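For the sequence shown, numbering that gives the first Met the number 0 gives the first residue as 0, with consecutive numbering after it. All C-beta atoms in this analysis are idealised placements derived from N, C-alpha and C, irrespective of residue type, glycine included. Note that the structure is predicted; figures quoted are calculated from it, not measured. See structure below.
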Amino acid sequence: MADSSTSQMTATSSVESTVSEFLESKVSEYEIEKWYTTCLAMVLEKMMHSGKLTTADFLEEVHHILKRYRTASTNLKLLNDQRILLQENISEEVNISRMRFGGPVDSLAEQSYMSNILLGVMNATRRTKMKSFDQKTFNKSVTQHYSLQSIVGRYGPETWGHLGFCHLWGDRNLCEIKAAHIVPKFLSAPAISHLLGNIDANDAKEPSNALSLTQLLEPLLDRGIIAIVPVFSAYNGPSRWKCIVLQDTYRDAAIYVYRGEKDIVKRKRYLDELELDFLSAKRPRPRYLYLRFMLSYLNAKRLGLDYVAHRMENGRFWAPGGRYLHKAILNTIARLVCGNELPEELTKNCFDTTHNESMNFHDGMILAADIRDMMISQDKTKSEFDERLSSLSKGSWLGCS
């Protein structure tokens with residue numbers, strides 16, 4: 000009996016030791032992949048600057064490298080965060096496997112088996128994290144933050160549940176309205192917080208990282224077709240903001256059509272210089288709006304829309320202001336997304352910390368991968384988006400079903 004107990008303890012200890020060694024080897028594997036892809040990105044960048052690689056070829060090659068880097072970084076973080084849970088799960092599964100086969104299995108088969116379990120647990124953890132954002136709760140917090148519920152008092156309680164408010168267009172049917180993120184919620188949380196200087200913040204859930212917009216205006220902001228910029232004035236009250244149309248090719252596209260006794264057609268040029276309307280003194284945080292402004296700039300550079308980029312560079316829309324963003328991270332993102340350094344006019348007053356350059360570069364790599372994915376996804380759905388606008392111009396009304 001004692002021999003059986005000792006044998007079982009020895010087997011368990013052996014499994015735990017094997018699992019621990021296996022996890023250590025995986026950690027080492029992901030760390031090497033991060034180091035290797037970082038070196039590749041740096042080499043490609045030097046080749047581009049020396050003229051041995053075109054900007055277009057650099058961007059195509061670096062896109063794949065960034066995806067590899069992000070995958071390795073994500074897996075490494077999950078592995079470190081979930082190490083104890085993973086050890087327990089793998090140990091249990093391997094013990095069950097050994098019992099099923101009546102003893103030890105081939106070491107290569109066991110390594111493969113552990114690897115499959117590891118990937119399964121990590122993928123499940125990743126999916127859980129991706130699904131954790133609650134848009135309904137976010138909508139409520141944005142409504143409360145900007146006092147949007149106060150519109151009910153204008154028309155009486157019978158409008159409750161039917162009336163919403165758009166910061167650009169005012170009163171609208173509630174089903175048309177969405178709390179639209181200014182900085183996209185899917186950007187990697189620790190990296191985006193570092194870029195914004197909010198180390199402990201949860202920016203995706205921050206209500207001041209949103210505007211209340213109609214469902215057709217939100218993609219215009221996301222795609223860099225419009226931008227929100229400050230209104231410069233001597234007025235000493237709450238800050239004022241306005242919308243500008245950046246891409247001329249869309250200026251005459253219809254964005255709102257109402258068919259009634261008198262047809263109402265609003266085109267994008269109507270949005271140009273249109274001031275946002277707020278129902279309280281609360282405003283979105285300038286750092287979020289500035290980062291969105293910078294994303295629009297990077298997208299214009301990436302697409303070769305030089306007239307948009309030049310317009311944004313000269314300080315006409317947004318003179319260098321507060322210490323909004325981390326300069327080193329922002330420049331890393333710019334090089335990897337559009338192959339260019341940012342002009343000094345856009346980063347003059349950004350803050351910088353040089354005490355951890357590797358962390359700055361890491362976060363720049365992660366965010367560049369996220370941002371490139373977002374922009375490429377938008378490229379793929381451009382025809383669908385244009386078709387939607389075209390159908391609206393021909394008389395279809397985007398309203399409530």
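Tell me which residue opens and which closes the alpha helix (DSSP H) that residue i is part of.
| i | result |
| --- | --- |
| SER232 | Where SER232 is concerned, there is no enclosing alpha helix (DSSP H), given that its DSSP letter is neither H nor E. |
| ALA203 | Here ALA203 belongs to no alpha helix (DSSP H), and DSSP marks it neither H nor E. |
| LYS379 | 356-379 |
| LEU194 | 188-195 |
| LEU288 | 285-301 |
| GLU344 | 343-346 |
From the DSSP output, in three-state form, read off residue i for me.
| i | result |
| --- | --- |
| ARG67 | helix |
| CYS242 | strand |
| CYS165 | strand |
| LEU275 | coil |
| GLU79 | In the sequence as displayed, the identity of residue 79 is Asn instead of Glu. In this structure, ASN79 counts as helix in the three-state DSSP scheme. |
| ALA308 | helix |
| ARG322 | coil |
| ILE225 | strand |
| PHE21 | helix |
| PHE132 | coil |
| ASN313 | coil |
| ARG387 | helix |
| PHE350 | strand |
| ASN74 | helix |
| ASN172 | strand |
| LEU219 | helix |
| TYR29 | helix |
| ALA55 | helix |
| ASN339 | coil |
| SER382 | helix |
| ALA280 | coil |
Under DSSP, the beta strand (DSSP E) around residue i begins and ends at which residues?
| i | result |
| --- | --- |
| LEU210 | 209-213 |
| ASN177 | Before going on, a small fix: residue 177 reads as Lys here, not Asn. It spans 176-180 - the beta strand (DSSP E) in which LYS177 sits, taken as one unbroken run. |
Measuring only the C-alpha atoms, how far is residue i from residue j?
| i | j | result |
| --- | --- | --- |
| GLU386 | ARG222 | 15 Å |
| TYR68 | THR36 | 6 Å |
| CYS165 | ILE176 | 7 Å |
| GLY163 | TYR289 | 26 Å |
| VAL104 | TRP34 | Residue placement at VAL104 is poorly supported in this model, since its pLDDT is 49, which falls under 50; the coordinates still yield a value, given next. Their backbone Cα atoms lie some 34 Å apart in a straight line. |
| THR346 | LEU329 | 8 Å |
| SER27 | LEU78 | 11 Å |
| LEU219 | LEU147 | 22 Å |
| ASP170 | TYR306 | 34 Å |
| HIS48 | ASP378 | 27 Å |
| SER279 | ASP202 | 21 Å |
| LEU275 | CYS337 | 30 Å |
| GLU356 | LYS300 | 26 Å |
| ILE64 | SER149 | 49 Å |
| LYS381 | ALA318 | 31 Å |
| THR142 | ASP351 | 34 Å |
| GLU145 | ASN138 | The question names Glu, but residue 145 in the sequence shown is Tyr. In a straight line, the C-alpha of TYR145 is about 11 Å away from that of ASN138. |
| GLY196 | PHE231 | 25 Å |
| TYR287 | ALA209 | 9 Å |
| ILE31 | LEU215 | 44 Å |
| GLU23 | PRO189 | 24 Å |
| LYS51 | GLU59 | 15 Å |
| CYS38 | LEU212 | 42 Å |
| LEU302 | PHE21 | 45 Å |
Taking 7 Å as the limit between beta carbons, can you name the residues of its chain near residue i, skipping five residues before and five after?
| i | result |
| --- | --- |
| ARG334 | GLU44, GLU340 |
| ILE225 | LEU219, CYS242, ILE243, VAL244, LEU245, LEU270 |
| SER187 | ILE365, LEU366, ASP369 |
| LEU273 | LEU167, LYS241, CYS242 |
| LYS184 | PHE132, ALA203 |
| THR248 | none |
| THR54 | MET47, GLY338 |
Excluding sequence positions up to five away, which residues of its chain have a Cβ less than 8 Å from the Cβ of residue i?
| i | result |
| --- | --- |
| ILE375 | HIS62 |
| ARG291 | ILE181, VAL182, LEU220, ALA226, ILE227 |
| TYR173 | According to the sequence shown, residue 173 is Leu rather than Tyr. Answer for LEU173: GLY160, HIS161, LEU162, GLY163, listed in chain order. |
| PHE316 | ALA226, VAL228, ILE243, PHE292, ARG310 |
| ARG282 | SER207, PRO237, SER238, TRP240 |
| ALA40 | VAL61, ILE64, LEU65, TYR68, LEU335, MET364 |
| ARG284 | GLU205, SER207, ASN208 |
| MET358 | HIS193 |
| GLU217 | LYS177, ALA179 |
| PHE277 | TYR145, HIS166, PRO237 |
Excluding the 5 residues preceding and the 5 following residue i in the sequence, name in chain order all residues of the same chain whose CB lies nearer than 6 Å to its CB.
| i | result |
| --- | --- |
| CYS349 | LEU324, LYS326 |
| ILE191 | ASP202 |
| HIS193 | ASP362 |
| SER19 | none |
| PHE57 | LEU43, MET47, GLY338 |
| GLU312 | PRO342, GLU344 |
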